[in-house]
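A.B. asks: A single structure is presented below for examination.
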Amino acid sequence: MMTTLVVYYSLSGNTRTVATALAQRLGADIEEIRCSRYTRSFSGFLRACYDSWRGYLPQLEPLQHAPSRYDLVVVGGPIWAWHPAPPVRAFLRQEASRIPAMAFLLTHGGAAAQQSLREMEQLAGQAPTATLVVREVDIKNGGFEAAVSSFASTLQKQQAA
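Per our numbering, residue 8 is the first one in the sequence shown, and the count goes up by one each step.
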């Protein structure tokens, strides 16, 4: 039986919503990437955008689950300033070399999805087994469920092969 971990970063709660739905469909363990550098305030927003734009990798809190113990790790987070959020990039830089297979999940308000997926692949040093990109508007109106179901089915079929 293959094991799956869904690990994600979410400041606004959008990525958390999608990651939780995915983990439930997969019967996967779930872990939130924690980083105290960013807050839901105007100054926090400016810091997040600036750090994302300049490629800053923040300090992360220790994880409860060891990603290296899983057959597949789904790495998720938002796009900030046309890049994956800095905590997602920091996670990939720290953990990717010890993870046998990955899939990527991104949430966004409208831009840079393909560029951000390529950046995650470069940081991971491996191609993802599958990717899912969900727009914020679809999260807000509940229109993401079919995409999550399809993504989960794809991952389950790959694991069964």
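By construction, the Cβ of each residue, glycine as well, lies at the ideal position given by its N, Cα and C atoms.
Note that the structure is a prediction, hence the values are computed from the model and not measured.
Please list the segments of the beta strand (DSSP E) lying wholly inside the stretch 40–124, counting only runs of 3 or more residues, in order along the chain.
C.D. replies: 79–87, 109–115
A.B. asks: Going by Cα to Cα distance, which pick from V80, P93, D36, M9 is closest to R44?
C.D. replies: Translated into the one-based positions of the sequence shown, residue 44 becomes position 37. Nearest to R44 by C-alpha distance, out of V80, P93, D36, M9, is P93.
A.B. asks: Taking contact to mean at least 3 C-beta pairs separated by less than 8 Å, is the stretch 108–115 in contact with the stretch 53–73?
C.D. replies: The stretch 108–115 vs the stretch 53–73: no contact.
A.B. asks: Whole angstroms are fine: how far does the CA of S75 sit from the CA of V48?
C.D. replies: Here residue 48 corresponds to residue number 41 of the sequence shown, with the count starting at 1. Here residue 75 corresponds to residue number 68 of the sequence shown, with the count starting at 1. With the sequence shown as reference, residue 48 is identified as Ser, and Val is not the correct amino acid for it. About 34 Å.
A.B. asks: State the Cα-Cα distance for the pair G62 and A153, rounded to the nearest angstrom.
C.D. replies: As a first step, residue 62 must be located in the sequence shown, where it is residue number 55. As a first step, residue 153 must be located in the sequence shown, where it is residue number 146. Those two C-alpha atoms are separated by around 33 Å.
A.B. asks: Buried or exposed, going by whether 16 or more other CB atoms sit within 10 Å of the CB of L205?
C.D. replies: Limits of the chain in this structure are 8 at one end and 168 at the other, which puts residue 205 out of reach.
A.B. asks: Can you tell me whether DSSP reads L18 as helix, strand or coil?
C.D. replies: For this step, residue 18 is matched to residue 11 along the sequence shown. DSSP places L18 in the coil class of the three-state scheme, outside both helix and strand.
A.B. asks: Exposed or buried, which one is M9 when buried takes at least 16 other CB atoms within 10 Å?
C.D. replies: Working through the sequence shown from its first residue, we reach residue 9 at position 2. By the 10 Å Cβ count, M9 comes out exposed.
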